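Asker:
In our numbering, the protein residues as written are 197 to 1541.
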């Protein structure tokens, strides 16, 4: 969707051709309408000698041009949704296209000219000009920044900076006098008819032009966005201009004025308990303006820009910081005690965070004992009391999380409902012994309880803990930075002691690394490590990857190659950690499901309570038999509810959250409840039987019924004789008609819902199926039919009796009218009949309406839904559980492997009991029989289990099926755990070769490079379409080889990169053909090839195949014992020793085969008679009468013999060829046995020793030499635990990985100067930022002492 403004600007950007001229000449000579408009406005700005006059045409077009680069409202609404990297990159390219459409036509220069022509006077022209400037600079557009900088340097436009300075001076601050005058005027009733409008505009008089002020400083911020060092310096000093205006100092001057006005307002409200709405509104506006100014100051100095840092350090910035610290310390205490001020408190804390970020930016590139660090410490000392209050505020709320998750606190809320009383909350804080009495009183004052003195502590913790954690981390970074750069300042040590609790809290989340900065000086970088990253780093698959990387890389290549491999490892591990977080158990989602289930349970409980109340009210007069039936039905329903999936899942979650003590207590409690429940059930049955008997015989029901009975009741309750025995299928019902009258009448008094319950119960217990109306033999409702009582579609007995009484009353009235007037008998009777019919119709309609109004009771677990909605919900639920199942298999892959090995051992233990028998196969147990074999004599041999229990054979079958199932699950688990990483590595390798090596563009893979040829299949598929990589490839090789050719090579869709709003992408209708065409077949074929060339995946496939073959012959399961060699590191090393020198080993074995063949030729030609292996002379067994047999004999027997072939053939003593035989035997022994076999053994032993030495060397290097800088432990161990501190805190491998993850996940426009430097080097694949051979401690050895 494109906005109206964007479509209009796009239309204006098109050249309208004239029919009389050629198109080429038009494009060369005639500018488009948009360009003409911009040239016109620029001309007006340049020719204006005085201040600009208001031009409505310019205002309108400037507004439209600004909006043409802004996001649509629909896109802004979707900002909350997390966007993928590809979507962000496409949005970035779209914004660049929209901005280029304007600045290519001179919009950037026009903005500067308009600001310069304003002469520092605030008017709508400047307002809309700044908005246009913000739009074309948004995102830190480097091209626009450079155009503006070049224009200012070329024209030496002093007026631009003078206008900026003048506009800053015209920016207003909070006017306390105006605010008081307004309050007095309202208090005296001096309000005009437009009083409501004045109330809404009170803030505009107290703080005028706040939106303009934010736009002005936002524009200045965007001029330096991306740490544009040239523009940062130019804002401070305009070299070459006749007059220099220091914008940095002008910004600080306005900030100081704003801070003083905010402090005045604070003092005005300091004596009031709560800040009114007008005060909150004015404060909010002032805080928003201050927030923007701090962001602008941060952008002025990040990079770092040393000149701007020094300019700020020598300005009155520190006075403003001291004033803001005072406001922060006092206002956050005040605002936190009233819920109506929470939003203002959040804005105040956001401002505090931005100010601390600005102070951290001042320390970028800081040296030990630097001047800026000393000034900052002086400022903190000056505001020591305020800093102490701020630290105390953070400390109180940071400890809330530990308080609410402690075991002591759980005792007050065992059900984890999130609600607790203030008294219990106070008691918990006192028992925790972490809060002082004043802190407890303050926290209690921040709590807002209901009329029962209860409050939701989870919301309370979320309200204060998260902001305190967010801002407190920056405070911890600031203090840590100062402490490491000002090591011997005693004044700072006092602050560190006050902040000890806060620093300890953030220590696990505070990462630090050292880099070689742009000034070729070691700098320390501080960043945040998320708790999830720490958790994923400890996952078994990540640990295995880390161990394999260290083993492969430590002793290979130089520093540059080692860092290249390390960054590749970091990228792969980051992807693996992100994958692990996806397959990890979603605790938040489970908590939400639990809350939803608890809400549903509460609703069900409330409805059950209502139903119980209704049942109690209705059945107070019911018989004991009826009560017993209903009670039994409810018991069965409750028991059935306990066995539902939702109930079982909820109880499993509760079981998993229980502590060991709770588990032990619950275990004994379970058996105790079974014991008690058995006797309770027995007691209930006996008591119920005697209660029914007593109530029936001696309960007084019959006596009371006979005393109150009337003749009409007896007649009304009698069976209808006209219906008795008419139908042939009512014999059972005829018997029921003689049941107790009182039971029938009491059942008749039940409500409609209870009748349904009784019907369900009777149906379940006695299998009675009451017939409905419209059936083949449907019964007409009679007075005595039991179907009237238990049916839901027939009229109730009470309605039938009421109908009978109405008929009798009508007949009596008819008789009276007949006695009074004989003449009108017919008319009266007709009227009475009509009245009767009308009364009956009204009665029936009333009863039907009552039935409709009554809510129908649903049986538990039965919810009526449309078929389509039910199927959609079922498929959605099935997909969710499928994903959860696959994630569970991936998480427990290593446990499944261990379980499969355990089952394989169990199977092979049972295989030890097999024996061979020659019994009749029909007599052998079919469970124990495993194979038939016929010997030479024709006897059938069977493999059977030799055991007498009879359980071993079925157990073997069960274990075999179980092992196959586990093997298949292992394949699935590996596919979802490791295969994505394998594919990611391959895709990353393709992208790297495309971008940096120009593979497939400047050079082609060789014919022998099967991997490169296979990867060619996927470079132009949509599934591997990396927008950023393809953009870099086109930018790098487009000029040389043509952008269109490269786009075609990469398979880029031109419409995907075309942001022309007049060319909308046509959306194809959904159909089977479109669905089939959307499948990326080439990518899936390529992925299949990648997966099936992965050795680990092939091993698991072989493992599963052998398990399946084990059902044909159980002895295939013996092969699975080899898995023990893959599961243990030591055994893997032994196997690696065989394959380590695999090529040499294979060649040596081949040489052995050739040498043995040569000896076979000699033996076949000269020494055949010595190869008789038969002991009987009459039947010789010659082993060398044919060449194949002779060669196999030498290979099989001669090579294995310790003395060579001479030990296996006849002695040559006395033979004419004795001398030649001796030479033949000795040479065979020497060359084959002594040399070749020894070489083969030596290769294996040497490989094992080499691998062992390599492992020891890796271990030694990791313990004695830093991986990052390469400095040995001898230098660091001059101080206790020096090397350990260095490798765990300063040059920790994990911290470098976390920092790279932090950069990848962070928006580029939010990077600090150091982060931007590292990110730029990373994108260029340059690793000079690693501190090779140097470190911070070594660089500042003298200052650090």
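We treat Cβ as the ideally placed atom computed from N, Cα and C, and that holds for glycine.
In this text the structure is predicted, and so the values were computed from the model without any measurement.
If we count the other Cβ atoms within 10 Å of its Cβ and call it buried at 16 or more, is residue 767 buried or exposed?
Answerer: Here residue 767 corresponds to residue number 571 of the chain shown, with the count starting at 1. Flag for residue 767 reads buried.
Asker: Jot down the residue ranges of each uninterrupted alpha helix (DSSP H) in the segment 1317-1393, minimum 4 residues, whole runs only, in chain order.
Answerer: 1319-1323, 1325-1336, 1338-1362, 1383-1389
Asker: Is residue 762 buried or exposed, if buried means 16 or more other CB atoms sit within 10 Å of its CB?
Answerer: Against the chain shown, residue 762 aligns to sequence position 566. Under a 10 Å Cβ-count criterion, residue 762 is classified as buried, with 16 or more other Cβ atoms of the shown protein chains found around its own Cβ.
Asker: Would you kindly work out how many angstroms separate the C-alpha atoms of residue 1073 and residue 1169, rounded to a whole number?
Answerer: Position 877 of the chain shown, counted from the first residue, corresponds to residue 1073. Position 973 of the chain shown, counted from the first residue, corresponds to residue 1169. Those two C-alpha atoms are separated by around 21 Å.
Asker: Which residue marks the beginning of the beta strand (DSSP E) containing residue 711, and which one marks its end?
Answerer: Taking the chain shown and counting its residues from 1, one reaches residue 711 at position 515. First-last of the beta strand (DSSP E) with residue 711: 706-712.
Asker: Beta-carbon of residue 1520 versus every beta-carbon of chain D: anything under 8 Å?
Answerer: Absence of chain D from the displayed structure is noted, only one protein chain being present.
Asker: Quick check: the segment 439-458 against the segment 354-374, are there 3 or more CB pairs under 8 Å?
Answerer: As far as the Cβ criterion goes, the segment 439-458 touches the segment 354-374, which means the pair count is three or higher.
Asker: Is the segment 642-649 in contact with the segment 509-526, if contact means three or more CB pairs nearer than 8 Å?
Answerer: Contact fails between the segment 642-649 and the segment 509-526, because fewer than three Cβ pairs, one in each stretch, are under 8 Å apart.
Asker: I'd like the list of long-range same chain contacts for residue 318, defined as Cβ closer than 7 Å, with 5 residues on each side in sequence excluded.
Answerer: In the chain shown, residue 318 corresponds to position 122, counting from 1. Around residue 318: 363, 366, 405, 408.
Asker: On the three-state DSSP scale, how would you describe residue 1167?
Answerer: Residue numbering aside, residue 1167 sits at position 971 when the chain shown is read from its first letter. DSSP places residue 1167 in helix when its eight states are reduced to three.
Asker: DSSP puts residue 724 in a beta bridge; with which residues?
Answerer: Along the chain shown, one-based indexing puts residue 724 at 528. The partner list for residue 724 (beta bridge, DSSP) reads 706.
Asker: Just to check my reading of the structure: residue 330 and residue 411 have Cβ atoms closer than 8 Å, yes? What is that Cβ distance to the nearest angstrom?
Answerer: Locating residue 330 in the chain shown gives position 134, counting from the first residue. Locating residue 411 in the chain shown gives position 215, counting from the first residue. Yes, residue 330 and residue 411 are in contact; Cβ-Cβ is about 6 Å, under 8 Å.
Asker: May I have a chain-ordered list of the beta strand (DSSP E) segments no shorter than 3 residues that lie completely inside the segment 543-627?
Answerer: Scanning the segment 543-627 from its first residue to its last, the whole beta strand (DSSP E) runs of 3-plus residues come out as 615-617.
Asker: Which residue comes first and which comes last in the beta strand (DSSP E) that contains residue 1111?
Answerer: Counting from 1 along the chain shown, the entry for residue 1111 is found at position 915. Run containing residue 1111: 1110-1113, per the beta strand (DSSP E) assignment.
Asker: Between the Cα of residue 228 and the Cα atoms of 298, 566, 248, which residue gives the shortest distance?
Answerer: Taking the chain shown and counting its residues from 1, one reaches residue 228 at position 32. The shortest C-alpha separation from residue 228 is found at 298.
Asker: How big is the Cα-Cα spacing for residue 532 and residue 427?
Answerer: Your numbering for residue 532 matches position 336 in the chain shown. Your numbering for residue 427 matches position 231 in the chain shown. Distance between the alpha carbons of residue 532 and residue 427 is about 41 Å.
Asker: Measuring alpha carbon to alpha carbon, tell me which of 1093, 336, 255, 1420 ends up nearest residue 295.
Answerer: Mapped onto the chain shown, residue 295 falls at position 99. Comparing Cα-Cα distances from residue 295 to each of 1093, 336, 255, 1420, the minimum goes to 336.
Asker: Can you tell me where the beta strand (DSSP E) with residue 652 in it begins and where it stops?
Answerer: Within the chain shown, the letter at position 456 stands for residue 652. Taken as a continuous stretch (DSSP letters only), the beta strand (DSSP E) holding residue 652 covers 650-652.
Asker: Would you mind sorting residue 703 into buried or exposed? The rule is 16 or more other CB atoms within 10 Å of its CB.
Answerer: Here residue 703 refers to the residue found at position 507 of the chain shown. By the 10 Å Cβ count, residue 703 comes out exposed.
Asker: Counting only the same chain and skipping the five closest in sequence on each side, list residues whose C-beta sits under 7 Å from that of residue 307.
Answerer: On the chain shown, residue 307 is found 111 positions in, with the first residue counted as 1. Contacts found: 325, 328, 329.
Asker: So, with DSSP's three-state summary, where would you put residue 1139?
Answerer: Indexing the chain shown from 1 puts residue 1139 at position 943. DSSP places residue 1139 within a strand segment (E or B) once states are collapsed to three.
Asker: By a C-beta neighbour count over all protein chains shown, 10 Å radius and 16 as the cutoff for buried, is residue 600 buried or exposed?
Answerer: Position 404 of the chain shown holds residue 600. Flag for residue 600 reads buried.
Asker: With residue 693 as the anchor, note down where its alpha helix (DSSP H) starts and where it stops.
Answerer: Locating residue 693 in the chain shown gives position 497, counting from the first residue. First-last of the alpha helix (DSSP H) with residue 693: 686-694.
Asker: Determine the burial state of residue 869: buried for a count of at least 16 other Cβ atoms within 10 Å of its Cβ, exposed for fewer.
Answerer: Within the chain shown, numbered from 1, the residue matching residue 869 stands at position 673. The residue in question, residue 869, is exposed, as its Cβ has fewer than 16 Cβ neighbours within 10 Å.
Asker: If the criterion is Cβ atoms closer than 8 Å, does the pair residue 1435 and residue 1344 meet it?
Answerer: Locating residue 1435 in the chain shown gives position 1239, where the first residue counts as 1. Locating residue 1344 in the chain shown gives position 1148, where the first residue counts as 1. In contact: residue 1435 and residue 1344 (Cβ atoms closer than 8 Å).
Asker: What residue range is occupied by the uninterrupted alpha helix (DSSP H) comprising residue 1516?
Answerer: The count along the chain shown starts at 1 and reaches residue 1516 at position 1320. Unbroken alpha helix (DSSP H) run through residue 1516: 1509-1519.
Asker: Please confirm whether residue 348 and residue 430 have their CB atoms less than 8 Å apart.
Answerer: Residue 348 sits at position 152 when you count from the first residue of the chain shown. Residue 430 sits at position 234 when you count from the first residue of the chain shown. Cβ distance < 8 Å, so residue 348 and residue 430 count as in contact.
Asker: Return the CA-CA distance between residue 765 and residue 1080, expressed in angstroms with no decimal places.
Answerer: Mapped onto the chain shown, residue 765 falls at position 569. Mapped onto the chain shown, residue 1080 falls at position 884. For the pair residue 765 and residue 1080, the Cα-to-Cα distance works out to about 28 Å.
Asker: Taking the alpha carbon of residue 1095 as the reference point, which residue from 1160, 1433, 1498 has its own alpha carbon closest?
Answerer: One-based indexing of the chain shown puts residue 1095 at position 899. When only C-alpha atoms are compared, the closest one is 1160.
Asker: Determine the direct distance from the alpha carbon of residue 1138 to that of residue 1395, and round the result to whole angstroms.
Answerer: Locating residue 1395 in the chain shown gives position 1199, counting from the first residue. Locating residue 1138 in the chain shown gives position 942, counting from the first residue. Rounded to whole angstroms, residue 1395 to residue 1138 spans 36 Å at the Cα level.
Asker: Run through the DSSP bridge pairs and tell me what residue 1461 is partnered with.
Answerer: Taking the chain shown and counting its residues from 1, the one referred to as residue 1461 is at position 1265. Its beta-bridge partners are 1468.
Asker: So, for residue 691: in the same chain, excluding its five sequence neighbours on each side, which residues have a beta-carbon less than 7 Å away from its beta-carbon?
Answerer: For this step, residue 691 is matched to residue 495 along the chain shown. Result list for residue 691: 576, 583, 675, in chain order.
Asker: Is it buried or exposed for residue 536, if we count other Cβ within 10 angstroms and need 16 for buried?
Answerer: For the purposes of this step, residue 536 is taken as residue 340 along the chain shown, with counting starting at 1. Classification of residue 536: exposed, given that the 10 Å Cβ count is below 16.
Asker: Could you give the first and the last residue of the continuous alpha helix (DSSP H) run that contains residue 239?
Answerer: As a first step, residue 239 is located in the chain shown; it is residue number 43 there, counting from the start. Where residue 239 is concerned, the enclosing alpha helix (DSSP H) stretches over 229-243.
Asker: Just confirm the distance between the C-beta atoms of residue 1491 and residue 743, as a whole number of angstroms; I'd bet it's less than 8 Å.
Answerer: In the chain shown, counting from the first residue as 1, residue 1491 sits at position 1295. In the chain shown, counting from the first residue as 1, residue 743 sits at position 547. The Cβ separation is near 18 Å, so there is no contact.
Asker: Look at the Cβ atom of residue 1409, then the Cβ atom of residue 1425, and state whether they are nearer than 8 Å.
Answerer: Counted from its first residue, the chain shown places residue 1409 at position 1213. Counted from its first residue, the chain shown places residue 1425 at position 1229. Cβ distance not < 8 Å, so residue 1409 and residue 1425 don't count as in contact.
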